[in-house]
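Chains P and R, in that order, are what the protein sequence lines are. For what it's worth, this note's numbering labels the leading residue of the first sequence as 1, then goes sequentially. For what it's worth, this note's numbering labels the leading residue of the second sequence as 1001, then goes sequentially. C-beta atoms are modelled at their ideal positions from N, C-alpha and C, and glycine is treated no differently. Quick notes on the structure that follows.
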Amino acid sequence: MKVLKIATAGSVDDGKSTLIGRILYDTKSLTDDKLEAIEEKSKQRGFDYLDFSLATDGLVAEREQGITIDVAHIYFSTPSKSFIIADTPGHIEYTRNMVTGASTAQASIVLIDARNGVVEQTYRHFFINNLLRIKDVVIAINKMDLVDYSEEKYNIIKGEIEYLVSKSEYKGQSLNFIPLSALKGDNVVEPSENMSWYQGQTLMHHLESLDTKDIKDESQTRFPVQTVIRPKTNEFHDFRGYAGKVYGGDLEIGEEVVVLPSKTKSKIKSIHFFDKEYAKAKSGSAVTITLEDNVNVSRGDMLVKVTEEPTITKQLDATICWMDKDPLQISQKYYIKHGVNDGQAKVTNLSSIIKTDFSGIEENPDALELNQIGDIQLKLSKPLLVDSYKKNKSNGSFILINPKTNNTVGVGFIK
Amino acid sequence: MWFTYIKDMIMNQNTIQVDALESEAIYIFREVQAQFEKPVLLFSGGKDSITLVRLAQKAFYPAKIPFPLLHIDTGHNFPETIEFRDRLAKELGVELIVRNVQDNIDSGRVKEESGRYASRNILQTETLLDAIEEFDFDACIGGARRDEEKARAKERIFSVRDDFGQWDEKNQRPEVFDMLNGRIDLGQNVRVFPISNWTELDVWSYIKQEEIDIPSIYFAHKRKTFVRDGMIWSAADEVVYRDEEEKVVERMVRFRTVGDMSCTAAVLSEAKDITKVVEEIRNSSISERGARIDDKRSEAAMEKRKQQGYF
């Protein structure tokens, strides 16, 4: 089954929960008992409508305050595809949760209230989509019923977003504008009778037509070794396999590879998946590989094709999103996790804070606070095997971990 | 020409493209093995933990699963599940650790519930925490899925718990891309959920595709049952409390989720094989946990249990 991961962001006021509820309802993904529970709770709270946010706001604190605090995952499927929606809070204080939710998404829905047009939150959401280089972005212009289904209003908002695109560095996304009313059901699953001027697809038709292949499946091949498999049984006495996931391209038997960082060359001898052997492993597959030669390979090492070597470096230039209450400061030390590889990193420079509302940068700040995004330089305790995030999504990102608290405090995108 | 064609065909058949969800789960298992000293797989004998076992096999083949299985036995499990558990552990050649809730009841550390809705489900937590301490487990792998319940929908793949097993739901570590941070302090442990992103239908489809053996109670069978609150309960064993006026009738049923006999209701079903079960799930209008009385106690039932160290 093909799986498409979608990120959404926004507050309850944008009608996001209503939209998700509408999608679940119209695709018949809400079971009777869940629907009954929503009906009962809505009535109990004195609402005269079904409050679908009750289906997704899973924590007590969220229901008490009527806001989304953390990423929720919502699952539904149509005959052709499975969908996972990472539903994230849109407030500025939850920027880190937006980045978290969007980091694994192939597509993103930016929700706009037609009455208010593009607001600060829209900027931020759009900025994060660009930072993460999300391939498919849907601009869902909601509450069209409250602006008399006005084409003019739709065009103004479209123009504002197109202006944002012109100001941003990343222009590779495929942008689609869909006017809808989640409450009334216009253009969500069923085409709207109220907007004959709109000739495009409904939201669900559009999502169904999207390719589930991510940009990260179309870069140079990377095979980071997670663990070495040595069964030492009679049957597999000399078996020495390297277990990991293939990223980017494919790997084939007989192919010449370089083991990094040792730069030893060898050839792929066999590709195993469970009790069978294969000639070729496609991108995204978690397999086990053996090599022709007896080379020294351990966790964190990487197999790559001979003509496709990544950069081996002890210094990183990166854009980072800060996720911790303790701010990032120059000369602080952190653990760095790059894929399955671990090391230590020291912040040597904090050159700027980038404003998520496209208003520019603040140069040479003292610290990077929670939910801020900035440019930094790091010195590393050992060489890492990296690509720029632009060229290779899976090998171009890392996380920083605070050695005192063990918490994940930042996510970085290598330049 | 025909030769290249056939060669291409053979080569294509010989290409492996692992499904995204399966690949993700295998990747998670390998991260657990690499990042922790003493992981354990929590095995209940239910379909989700059986699926976990198959994924763990795939992650480390041709080596054996590199950690033991742990079963917290409430003493109220279906006998079919226990038989199945013992057989599977033997086949895998993996150590099976069993810890009994009954021991804690006997020693007076926990008090058994009484009355119509009495269940040992919540008592499992104490026994689990004891076992974690006894063996110094630093990672407990479980089969919870985000689609099961809305508090679970919020939980991370690597979920950090403190000495008391508590889940701090408002202060979870961000999980970005597929990088999993398993660093913990002494005394903390991590609950790991490799099939977080699977739905119930995904699990059943996988069991079908992989031809995985599951306990017979998942398939339609005749069973002595009684009805309470619109749900069907097994009357085959005295651990389920029954009022005298609740009449026992033989019905064709199967279990959709397998927990304790005291908190797991059956569903009417004619689905005697896996194909029919998958079809039934696909067309079902009731959610899986709709048959779990433990979730019906309050809207926040699961979140509360999790804060106290429940899985």
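Within chain P, no C-beta atom comes less than 7 angstroms from the C-beta of residue 1274 of chain R; the nearest is roughly 17 angstroms away.
Contact with chain P is absent for residue 1068 of chain R, since none of that chain's Cβ atoms lies less than 8 angstroms from the residue's Cβ.
By alpha-carbon distance to residue 1141 of chain R, the top candidate from R:1104, R:1048 and R:1091 is R:1048.
Shown here, residue 1069 of chain R sits in a strand according to DSSP, grouped into three states.
By the neighbour-count criterion, in which a residue is buried when 16 or more other Cβ atoms sit within 10 angstroms of its Cβ, residue 163 of chain P is exposed. In terms of CA proximity to residue 260 of chain P, P:300 leads the group P:29, P:377, P:77 and P:300. Three or more beta-carbon pairs separated by less than 8 angstroms link the stretch 353-364 of chain P to the stretch 115-132 of chain P, which places the two stretches in contact. Taking 7 angstroms as the upper bound on Cβ-Cβ separation, chain P lies near residues 1197 and 1199 of the stretch 1192-1205 of chain R.
Shown here, residue 1195 of chain R sits in coil according to DSSP, grouped into three states, outside any helix or strand. Residue P:183 holds the alpha-carbon nearest to the alpha-carbon of residue 48 of chain P among P:255, P:183 and P:208. A straight-line Cα-Cα distance of about 5 angstroms links residue 1014 of chain R and residue 278 of chain P.
Take residue 1032 of chain R, set aside five residues on each side of it, and the residues of its chain with a beta-carbon closer than 7 angstroms to its own are 1039, 1139, 1141 and 1192, in chain order.
The beta-carbon of residue 168 of chain P is placed no less than 8 angstroms from the nearest beta-carbon of chain R.
The beta carbons of residue 228 of chain P and residue 298 of chain P sit closer together than 8 angstroms.
In the DSSP assignment, residue 167 of chain P falls outside any beta strand (DSSP E) and lies within the alpha helix (DSSP H) extending over 151-167.
Note on geometry: alpha-carbon atoms of residue 8 of chain P and residue 74 of chain P lie some 11 angstroms from one another. Three or more Cβ pairs drawn from the stretch 363-382 of chain P and the stretch 311-330 of chain P lie within less than 8 angstroms of each other, which places the two stretches in contact.
In the three-state DSSP reduction, residue 1269 of chain R falls in the coil class, being neither helix nor strand. Closer than 8 angstroms to the CB of residue 1148 of chain R there is not a single CB belonging to chain P. Contacts between residue 230 of chain P and chain R, judged by CB atoms closer than 9 angstroms, involve 1063 in chain order.
Closer than 8 angstroms to the CB of residue 1138 of chain R there is not a single CB belonging to chain P. Of the residues P:283, P:287 and P:263, the one whose Cα lies closest to the Cα of residue 272 of chain P is P:287.
Look at residue 1252 of chain R here: in three-state DSSP terms it is strand. At a cut-off of 8 angstroms between beta-carbon atoms, residue 204 of chain P makes no contact with chain R. With 16 or more other CB atoms across the displayed protein chains lying within 10 angstroms of its CB, residue 1018 of chain R is buried. Within the stretch 27-52 of chain P, the residues whose Cβ lies closer than 8 angstroms to any Cβ of chain R are, in chain order, 31, 32, 33, 34, 37 and 41.
Looking at the backbone, the Cα of residue 414 of chain P and that of residue 380 of chain P are separated by about 13 angstroms. In the three-state reduction of the DSSP assignment, residue 127 of chain P falls in the helix class.
Going by DSSP, residue 1030 of chain R is part of no beta strand (DSSP E) but of the alpha helix (DSSP H) stretching over 1020-1035. Cα atoms of residue 222 of chain P and residue 335 of chain P: separation of roughly 22 angstroms, rounded to the nearest angstrom.
In this structure, the straight-line span from the alpha carbon of residue 1170 of chain R to that of residue 70 of chain P is close to 8 angstroms. Under the Cβ criterion of 8 angstroms, residue 237 of chain P is not counted among the residues facing chain R. Around the Cβ of residue 111 of chain P, a 10 Å sphere holds 16 or more other Cβ atoms; the residue is buried. In this structure, P:310 is the residue among P:321, P:326 and P:310 with its C-alpha nearest to the C-alpha of residue 386 of chain P. Distances from the CA of residue 267 of chain P to each of P:274, P:276, P:275 and P:255 were compared; the closest alpha carbon is that of P:255. Chain order gives no chain P residues near residue 1281 of chain R, where near means a beta carbon separation below 7 angstroms; the closest approach is about 11 angstroms.
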